[in-house]
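First up is the structure itself, then whatever we jot down about it.
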Ligand SMILES: NC(=O)c1ccc[n+]([C@@H]2O[C@H](COP(=O)([O-])OP(=O)(O)OC[C@H]3O[C@@H](n4cnc5c(N)ncnc54)[C@H](O)[C@@H]3O)[C@@H](O)[C@H]2O)c1
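In the numbering used here, the protein residues as written are 123 to 374.
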């Protein structure tokens with residue numbers, strides 16, 4: 123049976139680790155050619171992701187990109203097209219977090235989180251959409267968070283960035299629907315990646331508390347949603363903020 127994204131080509135940012143790596147692996151396993159992207163300083167992790175895809179029989183390569191830098195985002199899209207002839211899907215996943223009460227968040231930390239998470243998503247979408255318009259369409263998935271749907275204690279800057287990503291997602295969806303471009307977002311709750319594992323156990327418990335299912339998610343559980351949203355099976359789905367969150371925003 124052909125894979126969900128058989129023959130398609132695309133990119134995943136922040137794919138040296140965690141959710142991005144799991145998504146890149148799943149895209150590869152479902153038949154897509156994948157450009158695995160991350161910071162140059164994370165090249166080793168990115169190349170590990172590439173190796174894992176290739177060992178499973180898939181097609182992948184690493185290309186560095188700092189999503190906060192416009193020329194990097196443009197070069198990344200150009201590279202996918204150079205390698206595979208087109209850009210069918212893009213997963214804007216790179217992100218960082220800062221944990222502090224809102225009034226204790228430094229201006230520098232706020233700016234850094236917005237630059238990577240929100241501006242990085244904007245820059246990615248801009249060049250991805252321009253390319254997709256040239257080739258008759260495509261699918262974009264942005265990684266927001268359950269902190270894009272509600273407040274979460276101690277991550278005000280992050281929550282602002284993730285709410286903003288949903289604004290970009292909805293605008294991208296309505297402005298380009300008739301050009302064959304779909305834009306969606308996933309909103310994960312606590313997923314066991316370095317971003318989560320590096321937090322003290324008490325903080326991890328606080329983050330897990332609102333979830334109906336009292337366990338951290340596996341990155342592969344987010345990847346299943348992301349790859350589906352990029353597949354033709356989701357052809358009538360655009361502009362959604364899909365919780366992948368064990369019931370976190372359903373009520374607690
Ligand atoms: N882990 C969770 O519980 C969780 C929950 C909700 C949303 N998210 C979101 O999922 C995404 C992935 O997070 P993760 O948990 O896999 O974290 P992670 O730290 O394992 O991976 C993030 C990756 O992004 C890369 N990155 C950081 N800054 C970058 C930049 N400027 N340009 C390019 N790459 C950059 C890092 O090098 C890293 O490889 C993030 O957007 C995060 O906010 C995570």
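Here a beta-carbon is modelled for each residue, glycine too, at the ideal position from N, C-alpha and C.
How would you write the range of the beta strand (DSSP E) that residue 309 sits in, first residue to last? Along the chain shown, read from residue 1 onward, the residue named residue 309 stands at position 187. Segment 303–310, the beta strand (DSSP E) holding residue 309.
Beta carbon of residue 366, beta carbon of residue 307: below 8 Å? As a working mapping, residue 366 is identified with position 244 in the chain shown. As a working mapping, residue 307 is identified with position 185 in the chain shown. Not closer than 8 Å, so no.
Over the uninterrupted beta strand (DSSP E) stretch that includes residue 133, give me the two end residues. As a first step, residue 133 is located in the chain shown; it is residue number 11 there, counting from the start. Counting along the chain, the beta strand (DSSP E) containing residue 133 begins and ends at 131–134.
According to DSSP, residues forming a beta bridge with residue 184: Residue numbering aside, residue 184 sits at position 62 when the chain shown is read from its first letter. Answer is 158, bridged to residue 184.
Could you check the C-alpha separation between residue 77 and residue 372 for me, to the nearest Å? Given a span of 123 to 374 for the chain in the structure shown, any question on residue 77 remains unanswerable.
Minimum length 3: unbroken beta strand (DSSP E) runs contained in the segment 208–276: Listed in chain order, they are 211–214 and 260–265.
If we ignore side chains and look at the alpha-carbon of each, how far apart do residue 152 and residue 127 end up? Sequence index remark: in the chain shown, residue 152 carries index 30 (1-based). Sequence index remark: in the chain shown, residue 127 carries index 5 (1-based). When the Cα atoms are used, residue 152 and residue 127 turn out to be separated by approximately 5 Å.
Check whether the Cβ of residue 236 lies closer than 7 Å to any heavy atom of ligand 1, and answer yes or no. Within the chain shown, residue 236 is the residue found at index 114, counting from 1. No, ligand 1 has no heavy atom inside 7 Å of this Cβ.
Touching or not, the segment 218–236 and the segment 164–179, by the rule of three or more beta carbon pairs under 8 Å? Segments in contact, no.
Within this structure, are the beta carbons of residue 246 and residue 303 separated by less than 8 Å? As a position in the chain shown, residue 246 is number 124, starting the count at 1. As a position in the chain shown, residue 303 is number 181, starting the count at 1. For residue 246 and residue 303, no; Cβs fall outside 8 Å.
Any heavy atom of ligand 1 inside 7 Å of the beta-carbon of residue 145? Within the chain shown, the letter at position 23 stands for residue 145. Answer for residue 145: no, Cβ out of range of ligand 1.
What residues in its chain sit with their C-beta under 7 Å from that of residue 255, if we drop five residues either side in the sequence? Reading the chain shown from its first residue, position 133 is the one you call residue 255. Result list for residue 255: 301, in chain order.
Residue 127, enclosing beta strand (DSSP E) - first and last residue: Start at 1 with the first residue of the chain shown, and residue 127 comes out as number 5. Residue 127 -> no beta strand (DSSP E), and no H or E assigned at all.
Can you grab the Cα-Cα spacing for the pair residue 283 / residue 277, in whole Å? Here residue 283 corresponds to residue number 161 of the chain shown, with the count starting at 1. Here residue 277 corresponds to residue number 155 of the chain shown, with the count starting at 1. Per the coordinates, the alpha-carbon of residue 283 lies some 10 Å from the alpha-carbon of residue 277.
Would you give the residue range spanned by the alpha helix (DSSP H) that residue 363 belongs to? Position 241 of the chain shown, counted from the start, is the residue given in the question as residue 363. Counting along the chain, residue 363 falls outside any alpha helix (DSSP H), though it belongs to the beta strand (DSSP E) covering 363–366.
Touch test, the segment 285–299 against the segment 339–347, Cβ-Cβ under 8 Å, three pairs minimum: Touching, no, given that fewer than three Cβ pairs across the two stretches are closer than 8 Å.
Is the Cβ-Cβ distance between residue 315 and residue 140 less than 8 Å? Looking up residue 315 in the chain shown gives position 193. Looking up residue 140 in the chain shown gives position 18. Cβ atoms of residue 315 and residue 140: closer than 8 Å.
Based on Cα-Cα distance, which residue from 221, 226, 370 and 266 lies nearest to residue 362? If you number the chain shown from 1, residue 362 lands on position 240. Distances from the CA of residue 362 to each of 221, 226, 370 and 266 were compared; the closest alpha carbon is that of 266.
When the Cα atoms are used, what is the spatial distance from residue 148 to residue 130? Along the chain shown, one-based indexing puts residue 148 at 26. Along the chain shown, one-based indexing puts residue 130 at 8. Taking the Cα positions, residue 148 is about 13 Å away from residue 130.
Cβ neighbour criterion (16 or more within 10 Å) applied to residue 228: By one-based count along the chain shown, residue 228 stands at place 106. Counting Cβ neighbours within 10 Å, residue 228 comes out exposed, since fewer than 16 surround it.
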